[in-house]
Amino acid sequence: MRTPMICWAFLLLVLFGKACNGFYLPGSYMHTYSTGDEIVAKVNSLTSIETELPFSYYSLPYCQPHGGIKKSAENLGELLMGDQIDNSPYRFRMNVNESVYLCTTKPLSEHEVKLLKQRTRDLYQVNMILDNLPVMRYAKQNGIDIQWTGFPVGYTPQNSNDDYIINHLKFTVLVHEYEGSGVEVIGTGEEGMGMISESDKKKASGFEIVGFVVVPCSVKYDPEVMTKHHIYDNISLVDCPSDLDKSQIIREQERISFTYVVEFVKSDIRWPSRWDAYLKMEGARVHWFSILNSLMVIFFLAGIVFVIFLRTVRRDLTRYEELDKEAQAQMNEELSGWKLVVGDVFREPDCPKLLCVMVGDGVQITGMAVVTIVFAAFGFMSPASRGMLLTGMILLYLFLGTAAGYAAVRMWRTIKGTSEGWRSISWSVASFFPGIVFVILTILNFILWGSHSTGAIPISLYFVLLSLWFCISVPLTLLGGFMGTRAEAIQYPVRTNQIPREIPARKLPSWVLVLGAGTLPFGTLFIELFFILSSIWLGRFYYVFGFLLIVLLLLVIVCAEVSVVLTYMHLCVEDWRWWWKAFFASGSVSIFVFLYSINYLVFDLQSLSGPVSAILYLGYSLIMAIAIMLSTGTIGLLTSFYFVHYLFSSVKID
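Residue numbers (mature numbering (1 follows the signal peptide of the UniProt record, and there is no 0)): -19 to -1, 1 to 635.
Okay, here's the thing in structure tokens:
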């Protein structure tokens, strides 16, 4: 019966592949253009590293396209990130070099002048896109060439109160001549692997865009002369002036003319490599240093765990098993350390429901992070597909609700010995972390609405997110919980006494050691955390997911080892309340992550201005810290549980 099914499945796969002619994962199809073909640039939201509040491009008095402003279709991730991609009046023709007039504005009003000055002084950047490539600008700073995406709205000269607008753009479009014949595979770069069928080879021949560079200028034009032109009229070439008197100042009643020059330059850069200029991996040695540093911590902790298992635990158990029954009975009276808590070690922890819920959410977040980073490391999360990373994370989180419900309910059954109340546990798992994120995002959203920022989540998107949560995450979590009730319960190897054993007093509270343990996982994470924060808040591309995957694996190992060592130390001093301490031994890394985020805000984001920007930064950092706490805490607790289970399953004390 199985063989025919396999044959049918194979046949359907072949037919589907034949019908599709090829596949492209992920990103867009490679566009080729013939000479003279029209190419229209798009504009994204205005962004600034000073305020972190994105605004619409057309919130400023720029030229508008014929036919009105049309928004591009945006995915879930783009909407959540505040992207607003619109069409623009900037139109190019393949391989046609020209100098073009766009428009002349009406006399600037007081409000428009105030807005332009504010955006200029807040260092807002215009983000333009051509054939899915962001525009790039090169600048020199202290003799070093620096590349930026986007160009400024304007600039303020030193020792001056005047502001000047960027109204003339010199574009360089790098093109590669592509011959469709004789080419089988495009490659595995930005657009993933793709194959071209025979019928498409001739169609694909032409020119492909592999680079988009701009030199921004401010040029003062005579509005009386410029208004005689019509949009897209050719004008004489203009050089960027170095004299401020020839630059366009921002002030009331000024009429600003916008122009641009485009030059097409042939390049040897091929399509799969066109993103290399944006994704240049700088500081590779720092990443390797981070990994070596983490390996040293892992080997140090592994040595401690090795000593615990082979020298201490194994030695005690071997000696104990070699004794006869009378000697064992006598030794039971003389037991010390972890063997004394054998009747209490599996006693129900405080707030067992909350612990199970946090473990369930931790499993969901960890699974989402691992799968996302693995896919990104193998090139499936392309920077060409804006918002794909965030969209993928959200969808993975929703579909991993099954794993969350299963883990939480199974732990509940293990602690309580019954499946009663599993529905409540499943509902709590589905609501706990999403509820925290929803509350924080709602507060931040009110702040963004008050600032009229495009970063504010529309009401319609709120309903979409709630629908996804209620229709996908909740049912799958309940399904996972139901599966947890049907799974075989984990049996404790020893019985629990009716009366709890008194825990000896100590000089220092155990929470001091637990919180201090978080420094070891943080030592594994903090260098990579700097690069991640820089990519989020300084507008840089983060694409070293290979390093991030290695760091994630090392972090999992360190969290597991730290929790095992801390759990053993607590049991050795007759402290049987290990459940929550095992969770926070590794979960306390989130405290240091949040403190580091504050340090980054104070010392590395000095340009960040205003309380609104600081509140946004701290709100998003808090969400990240809570997610890290649930993930690392779950890793630590589950590892410690299996360690304790293994340890006491070898003990023969009645």
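Just so you know, even glycine gets a beta-carbon here, dropped at the ideal spot from N, CA and C.
Predicted model, so just to flag it, every value in this text is computed and none were measured.
Assigned secondary structure, residue i (DSSP; H/G/I helix, E/B strand, else coil)
{"i": "Glu189", "result": "strand"}
{"i": "Thr435", "result": "coil"}
{"i": "Asn426", "result": "helix"}
{"i": "Gln472", "result": "coil"}
{"i": "Asp325", "result": "coil"}
{"i": "Asn580", "result": "helix"}
{"i": "Phe132", "result": "strand"}
{"i": "Lys320", "result": "helix"}
{"i": "Thr32", "result": "coil"}
{"i": "Ser40", "result": "helix"}
{"i": "Ser412", "result": "helix"}
{"i": "Tyr119", "result": "strand"}
{"i": "Thr85", "result": "strand"}
{"i": "Leu225", "result": "helix"}
{"i": "Tyr378", "result": "helix"}
{"i": "Phe281", "result": "helix"}
{"i": "Arg404", "result": "helix"}
{"i": "Ser73", "result": "Note on identity: in this sequence residue 73 is Phe, with Ser being the wrong assignment. Note: Phe73 maps to strand in three-state DSSP."}
{"i": "Pro253", "result": "helix"}
{"i": "Asn2", "result": "Summary for Asn2: the model assigns pLDDT 37, below 50, so the residue's position carries little reliability; its value from the coordinates is reported in the next sentence. In this structure, Asn2 counts as coil in the three-state DSSP scheme."}
{"i": "Ile66", "result": "coil"}
{"i": "Ile421", "result": "helix"}
Cβ pair residue i, residue j closer than 8 Å
{"i": "Phe413", "j": "Val338", "result": "yes"}
{"i": "Gly386", "j": "Leu460", "result": "yes"}
{"i": "Ser331", "j": "Thr477", "result": "Residue identity differs from the one stated: residue 331 is Asp in this sequence, not Ser. In this structure, Thr477 does not lie closer than 8 Å to Asp331 by Cβ."}
{"i": "Leu155", "j": "Ser248", "result": "yes"}
{"i": "Glu59", "j": "Arg367", "result": "yes"}
{"i": "residue 685", "j": "Ser567", "result": "Lying before the first or after the last residue shown, residue 685 is absent from the chain, which here runs from -19 to 635."}
{"i": "His535", "j": "Ile272", "result": "Checking the sequence shown, residue 535 turns out to be Leu, not His. In this structure, Ile272 lies closer than 8 Å to Leu535 by Cβ."}
{"i": "Gly63", "j": "Thr435", "result": "yes"}
{"i": "Met610", "j": "Ser571", "result": "yes"}
{"i": "Val134", "j": "Asp67", "result": "no"}
{"i": "Leu346", "j": "Ser569", "result": "Reading off the sequence shown, one finds Ile at residue 346, where the question assumed Leu. Contact: no."}
{"i": "Phe503", "j": "Phe573", "result": "yes"}
{"i": "Ile354", "j": "Leu530", "result": "yes"}
{"i": "Gly465", "j": "Val390", "result": "yes"}
{"i": "Leu370", "j": "Ala357", "result": "yes"}
{"i": "Gly192", "j": "Ala258", "result": "yes"}
{"i": "Val94", "j": "Glu233", "result": "yes"}
{"i": "Ile237", "j": "Thr101", "result": "no"}
{"i": "His12", "j": "Asp144", "result": "no"}
{"i": "Asp103", "j": "Thr32", "result": "yes"}
{"i": "His626", "j": "Pro474", "result": "yes"}
Residue burial classification, residue i (beta-carbon count within 10 angstroms, cutoff 16)
{"i": "Cys540", "result": "buried"}
{"i": "Glu165", "result": "Model confidence at Glu165 stands at a pLDDT of 39, short of 50, so the residue's coordinates are unreliable and nothing is read from them."}
{"i": "Val21", "result": "exposed"}
{"i": "Lys201", "result": "buried"}
{"i": "Phe152", "result": "buried"}
{"i": "Gln65", "result": "buried"}
{"i": "Glu483", "result": "exposed"}
{"i": "Val410", "result": "buried"}
{"i": "Ala384", "result": "buried"}
{"i": "Tyr623", "result": "exposed"}
Opening and closing residue of the alpha helix (DSSP H) in which residue i lies
{"i": "Glu542", "result": "526 to 553"}
{"i": "Arg391", "result": "382 to 397"}
{"i": "Glu509", "result": "500 to 518"}
{"i": "Glu205", "result": "204 to 207"}
{"i": "His626", "result": "592 to 630"}
{"i": "Val340", "result": "333 to 358"}
{"i": "Thr467", "result": "As written in the sequence, residue 467 is Arg, which differs from the Thr given in the question. Note, Arg467: alpha helix (DSSP H), 455 to 467."}
{"i": "Glu244", "result": "No alpha helix (DSSP H) contains Glu244, which is instead part of the beta strand (DSSP E) from 238 to 247."}
{"i": "Leu447", "result": "440 to 449"}
{"i": "Lys151", "result": "Unbroken run through Lys151 is the beta strand (DSSP E), 149 to 159; no alpha helix (DSSP H)."}
{"i": "Ser567", "result": "560 to 568"}
Residue range of the unbroken beta strand (DSSP E) whose run includes residue i
{"i": "Ala22", "result": "19 to 24"}
{"i": "Tyr14", "result": "Tyr14 -> no beta strand (DSSP E), and no H or E assigned at all."}
{"i": "Glu59", "result": "Glu59 -> not in any beta strand (DSSP E); alpha helix (DSSP H) instead, spanning 57 to 62."}
| task | Please go through the segment 88 to 115 and give each complete alpha helix (DSSP H) segment of 4 or more residues, from N-terminal end onward. | result | Unbroken alpha helix (DSSP H) stretches of 4 residues or longer found wholly inside the segment 88 to 115: 91 to 102, given in chain order.
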